[in-house]
Amino acid sequence: MDVLMPFGAGAWIFIGIYLTSLVGIGIVGKRSRLEDSLSDFYLAGPGFGFTILFLTLFATQYSGNTFFAFTGATYRIGYAWIVSVHFMTAVIVCYLIYAPHLYVVAKIRGYVTPSDYVEDRYGNKVLTIIVTLTLIVVLCNFLLAQLMAMGRAMQGLAEFNQDVAYIGGVVVLALIMVIYGTLGGLRAIAWTDAIQGVILALGFGVLLILLFDRYGPLADATQILMERDLSDGTRKALPPTNLQFREWLSYILTAGLAVSLYPQAIQRIYAARSAIALRRSLAVMAFMPLPTMIIAVIAGIMAAAYIPGLEGAASDQIFGRVLRDIQAHSVIGYGLVVVLLSAVLAAMMSTADSALLSISSM
């Protein structure tokens, strides 16, 4: 993120208003609590209807990695990273295999955390403790990754000391999440996720517009990569090899199972207001990998064509380089990048706050 041009006062005011509104939602969420119980705090009492449930699932599943890591992977691999559409769709398939039945059992048995199911199903305290500790370790790693990404984002946007910006960004954003999460529980987090989900969807649309405005048609970028494949021996515009097809299968099976078992996602299954709301939310979620992943792939292809030369870990910075290029291109581009970076920040926070709440529940 340190490749971005620092934001001016107007951009910081925009982001400040957005962050302040999250605390306001936490206050409203606290006032909306129906009872002082674990179920009300961690599962929002009667739960969420279709709209909020869908948006909180969307915002939780698609984090800052969607922009940075997936764009970087496409930059390195090329069109073969279209597999991301398949493995993110596989996540929804796995949800549909177990979520409807788990929802019914959870409502009957009164589950609050994933560990409650393990204890109820196997009746083994040792196993329950092992599963709980494993989930906490995974969630802590997940949370730290998002906090570090948020710190890097603030570091890249600030004009003052970079170390201060990094530490300050992590502390301030984490504090905001703790405040609205503590005040309103899952209800406040899901409401903020709904806002963040809308901003995230808007961000994907803005990104697509910016890419075509700055670099032109996708066909031109593809042609450049095809010519480079012939001259340099790369395969970024060529069909996947047999080895890549086997990797595809591994990604689809592994990611599909792993992502669908995120503890924070399981708690959202518990928090559905009805089985119908859950099924409808998952049905719409099944279509979301198409626009989100394809736009991330397009960004990586454009970057590979017009900003070549990055290798290894440096390639994960390519999304920031694309944004800097767009920032410098026009005043409108600068303004839209502010919106897009707000979407990236929203994606990171919506993923981190969900992990934080799940840790506290266990």
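If you count by the numbering used here, then the sequence shown holds residues 804 to 1165, one letter each, in order.
Note that the Cβ used here is the ideal one computed from N, Cα and C, for glycine as well.
Limits of the alpha helix (DSSP H) - the one that residue i falls within
{"i": "P1094", "result": "P1092 to Y1109"}
{"i": "N1045", "result": "N1045 to S1063"}
{"i": "K1039", "result": "Premise fails: K1039 is in no alpha helix (DSSP H) and is neither H nor E."}
{"i": "M891", "result": "V886 to R912"}
{"i": "F851", "result": "Note, F851: premise wrong, no alpha helix (DSSP H); not H, not E."}
{"i": "G1136", "result": "V1134 to S1164"}
{"i": "L1021", "result": "L1021 to D1035"}
{"i": "L841", "result": "L841 to L846"}
Best match in the options for proximity to residue i [C-alpha to C-alpha]
{"i": "V1062", "options": "G832, G819 and I895", "result": "I895"}
{"i": "A1075", "options": "I816, L856 and L825", "result": "L856"}
{"i": "L1041", "options": "S840, F870 and A883", "result": "A883"}
{"i": "T1154", "options": "Y920, G875, T823 and L1003", "result": "L1003"}
{"i": "A1187", "options": "P1066, G972 and I998", "result": "In the structure as shown, the chain starts at 804 and stops at 1165, and residue 1187 therefore has no counterpart that could be examined."}
{"i": "T931", "options": "L942, V940, D919 and I939", "result": "D919"}
{"i": "G913", "options": "L858, T1057, G867 and Y1073", "result": "Y1073"}
{"i": "T1095", "options": "G819, Y865 and G827", "result": "Y865"}
{"i": "Y1109", "options": "D966, E1030 and R836", "result": "E1030"}
{"i": "V763", "options": "L1113, V1142, V915 and L1056", "result": "Only positions 804 to 1165 of the chain appear in the structure, and residue 763 is not among them; the question remains open."}
{"i": "T854", "options": "W815, A997 and F1015", "result": "A997"}
{"i": "V907", "options": "G881, A1080, M957 and A1117", "result": "A1080"}
{"i": "I1012", "options": "G832, D1119, I1135 and V929", "result": "I1135"}
{"i": "A1116", "options": "T863, T874 and F1007", "result": "T874"}
{"i": "F1090", "options": "I992, I1069, A893 and A968", "result": "A893"}
{"i": "Y1065", "options": "G850, L860 and Y821", "result": "L860"}
{"i": "A1131", "options": "D1016, E838 and L1046", "result": "D1016"}
{"i": "S842", "options": "H889, A814, K1039 and A909", "result": "A909"}
{"i": "E1050", "options": "I1069, G1112 and H889", "result": "H889"}
{"i": "S1145", "options": "S835, G1006, I970 and C943", "result": "G1006"}
{"i": "L822", "options": "L1159, L942 and L1148", "result": "L1148"}
{"i": "I1097", "options": "A1058, Q1070, L1010 and L1052", "result": "L1010"}
{"i": "A1099", "options": "T869, L950, L837 and Q1120", "result": "T869"}
{"i": "D1156", "options": "A968, T877, A872 and Q949", "result": "Q949"}
{"i": "A1102", "options": "L905, Q1070, L1159 and A1024", "result": "A1024"}
Under the three-state DSSP convention, the category residue i falls into
{"i": "F810", "result": "coil"}
{"i": "A1074", "result": "coil"}
{"i": "L989", "result": "helix"}
{"i": "Y865", "result": "coil"}
{"i": "G1000", "result": "helix"}
{"i": "S1118", "result": "helix"}
{"i": "L1014", "result": "helix"}
{"i": "G1112", "result": "coil"}
{"i": "A1089", "result": "coil"}
{"i": "R1124", "result": "helix"}
{"i": "V837", "result": "In the sequence on display, residue 837 carries Leu and not Val. Correct three-state label for L837: coil."}
{"i": "G827", "result": "helix"}
{"i": "G1006", "result": "helix"}
{"i": "G819", "result": "helix"}
Near the ligand SAM: residue i beta-carbon under 7 Å from a heavy atom
{"i": "M1091", "result": "This structure simply doesn't include the ligand SAM, nor any ligand for that matter."}
(message) Check whether the stretch 981 to 999 and the stretch 844 to 861 are in contact - that is, three or more C-beta pairs closer than 8 Å.
(response) yes
(message) Suppose only complete runs of 4+ residues qualify. What are the alpha helix (DSSP H) ranges in the stretch 912 to 985, listed by chain order?
(response) 917 to 925 and 928 to 960
(request) Taking 8 Å as the threshold, find out whether the stretch 1144 to 1158 comes into contact with the stretch 915 to 923 through three or more Cβ pairs. (result) no
(request) Evaluate the contact criterion for the stretch 1107 to 1123 versus the stretch 1083 to 1098: three or more CB pairs, one atom per stretch, below 8 Å. (result) no
(message) Any contact between the stretch 1119 to 1139 and the stretch 899 to 910? By contact I mean 3 or more CB pairs, one from each, below 8 Å.
(response) no
(request) Count the CB pairs spanning the stretch 821 to 830 and the stretch 969 to 984 that are closer than 8 Å, and state whether there are at least three. (result) yes
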